[in-house]
Structures are given as structure tokens and as C-alpha cells.
């Protein structure tokens, strides 16, 4: 039961978090962002939405057996962790930073991860 609750909370964070965090002057509404950067930001936000929804589906779907239920929860855990893993790995790419230079140093998204 607690596992389902935690997975559900995480998936809600995947669904809402990117839209809450990125609709501001540092991302989506930043006039200095080139179109291709906006494209990738939209791609990432949509990926969070889709992964969050599929995670909720596998977390709460009805199953016919205990084994099927366990497999469904494992699948939900995998889908539910992909967004967070890729988000954390992004800082490892050459030249990447948690914040554009015009907004200072730091990694304000860290709280989400």
C-alpha cells in the first residue's frame, strides 16, 4: 500500500513538476531561448507527462493474480524512475549546467530530483 502511494506521488511530480518549474522566464517564456532549446524543453516536459501517466496506469490497474500485480508494480517503478534518472544524468553532458548564466549559479531543479 505504501509503495503504491509513493509511486503515485512520484508520478504526480513527473506530471506536474516540469510544467510548474519550466513555465517561467528561465525556460518556456525566456525570449533569449532559441527555438531548438524550446523544442527539447517541450519534449522533456511531454516525456514527464507520458511517463507519469503510464506509471499511474501500471500502479493502479486491476490484475487477475498476485504475480501479475507484482509485475505491474515493478513496471510502474521502472517507468516511474526513468524521468528522474535522465534528469539527474543531464548534468553529466559536456557544457551542461543547472541554470543559464544570465540567472546565476545553482541548480534550482535539484529539489525535484
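Numbering (the working numbering), first residue to last: 224 to 336. Just so it is clear, CB atoms sit at the ideal spot from N, CA and C, and this is done for glycine as well.
CA-to-CA distance, residue j to residue i, given in whole angstroms
i           : j           : result
residue 243 : residue 265 : 13 Å
residue 268 : residue 274 : 10 Å
residue 237 : residue 306 : 7 Å
residue 235 : residue 285 : 20 Å
residue 249 : residue 303 : 26 Å
residue 315 : residue 256 : 21 Å
residue 190 : residue 293 : Because the chain spans 224 through 336 in this model, residue 190 falls outside it and cannot be assessed.
residue 318 : residue 324 : 12 Å
residue 287 : residue 224 : 18 Å
residue 253 : residue 313 : 20 Å
residue 258 : residue 301 : 31 Å
residue 232 : residue 276 : 12 Å
residue 270 : residue 289 : 30 Å
residue 263 : residue 280 : 25 Å
residue 308 : residue 272 : 15 Å
residue 310 : residue 291 : 30 Å
Range covered by the alpha helix (DSSP H) that runs through residue i
i           : result
residue 256 : Element bounds for residue 256: n/a, residue is neither H nor E.
residue 247 : Element bounds for residue 247: n/a, residue is neither H nor E.
residue 298 : 289–312
Beta-carbon separation (whole angstroms), residue i vs residue j, contact threshold 8 Å
i           : j           : result
residue 296 : residue 226 : 7 Å
residue 278 : residue 230 : 6 Å
residue 321 : residue 327 : About 10 Å; that fails the 8 Å criterion.
residue 299 : residue 282 : 4 Å
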